[in-house]
Amino acid sequence: MNEQTWHAVDEWFCERLIGYDPALDDALAASAKAGLRAINVAPNQGKFLYLLARIQGARRVLEIGTLGGYSAIWLARALPADGTLVTLEAMTANAAVARANLAAAGVSDKVTVVEGLALDSLDRMVEEGVAPFDFIFIDADKSNNPHYLERVLKLSRPGTVIVADNVVRDGRVADEAHRDDDVVGVRRYIDMLAHDARLESSAVQTVGAKGWDGFAITVVKA
Ligand SMILES: C[S@@+](CC[C@H](N)C(=O)[O-])C[C@H]1O[C@@H](n2cnc3c(N)ncnc32)[C@H](O)[C@@H]1O
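Printed below as a string of structure tokens:
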């Protein structure tokens, strides 16, 4: 069993369960053309997020980390006609690519791309008292995950679902000897989930086209 096999199985699933999707495939092509790194979720992971948001009946979705808008298109598609997605991105160039991709995918009317450091944008939303979000996807700089969790809990309600991507870090998350900022951020995030009585959480390792990785999922109890 190796990465080549994980890739082949992902392709096999994606061919059957997703297929050719011009808006999504063009978004990836446009992102690559603009020089964005291919650190978007894989197609089957994007659809998995879409399904989670659908299952939850999300009307208000928050994403931290837009890149070229690939996962944002999936999440926007999960929304009802009057649903909204707010997605936060630090890099102006990425936000511009995302806006173009979201427009081409026909979901711009539901999506606001907020430029700037996510912590600043989150603090502003807390200050403004925006309505709580139903579904939150955390996928930016992992070193800030503990701070993101602290903020998004102020933007949540009982029943809000929070998904954090890339929590495995090539296994380093479970090895205390590894002290780099992203690993420490993810480790602290998981510890916060474990010790907060308002939250119920699990984390799952995955393999696939994006290698060995995983996500954490949480529901806010009260
Ligand atoms: C992994 S990519 C997001 C991928 C995207 N969710 C997808 O699957 O299509 C992470 C993004 O977070 C952005 N980012 C990193 N640090 C940030 C910060 N402090 N505030 C806002 N965005 C940040 C990066 O510029 C990058 O575009």
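Take the sequence shown: its letters are residues -19 to 202, numbered as in this note's numbering.
Heads up, the beta-carbon is just placed ideally off N, CA and C, and yes, glycines get one too.
- In chain order, Arg40 place their CB closer than 7 Å to the CB of Ala111, counting only its own chain and leaving out the 5 sequence neighbours on each side.
- If you look at Ala144, you'll find it in the beta strand (DSSP E) that goes Val141 to Asp145.
- Runs of the beta strand (DSSP E) lying entirely within the region 104 to 148, each at least 3 residues long, are 115 to 118 and 141 to 145 in chain order.
- Annotated as distal: Ala58 and Ala75, with beta-carbon spacing of 8 Å or more.
- DSSP links Gly188 through a beta bridge to Gly191.
- With respect to the 8 Å criterion, Phe113 and Leu29 are not classified as neighbours on the basis of their beta carbons.
- In this structure, the CA atom of Pro126 is about 14 Å from the CA atom of Leu179.
- Between Ala56 and Leu82 the beta-carbon gap is near 7 Å, inside 8 Å, which marks them as a contact.
- By alpha-carbon distance to Ala183, the top candidate from Ile(-2), Lys90, Ala174 and Ala80 is Ala174.
- Remark: the C-beta of Asn124 is in contact range of ligand 1, defined as less than 7 Å to any heavy atom.
- Taken through DSSP and simplified to helix, strand or coil, Glu95 comes out as strand.
- By the Cβ rule, the region 183 to 195 does not count as touching the region 124 to 141, because fewer than three pairs are nearer than 8 Å.
- For Val187 and Trp(-14), the gap between their C-alpha atoms comes out near 6 Å.
- Taking the Cα of Val94 as reference, the smallest distance to any Cα among Ala80, Val87 and Val66 is reached at Val66.
- The beta carbon of Glu(-17) sits closer than 7 Å to those of Gly191, all from its chain and outside the five residues before and after it, given in chain order.
- Per the C-alpha coordinates, the member of Ala3, Ala189 and Asp62 positioned closest to Ala85 is Ala3.
- In the structure shown, Ala183 adopts extended strand secondary structure according to DSSP, grouped into three states.
- Residue Ser88 holds the alpha-carbon nearest to the alpha-carbon of Ala61 among Ser88, Leu(-3) and Phe195.
- If you draw a straight line from the Cα of Arg149 to the Cα of Asp193, it is about 7 Å long.
- Ranked by how close their Cα comes to the Cα of Lys201, the residues Ser11, Met71, Ile142 and Ala189 have Ile142 in first place.
- Bridge partners of Ile197 according to DSSP: Val143 and Ser182.
- Proximity of the beta carbon of Tyr50 to ligand 1 is indicated: a heavy atom of the ligand is located closer than 7 Å.
- About 19 Å separates the CB atoms of Asp119 and Ile(-2); that is not less than 8 Å, and the two are not in contact.
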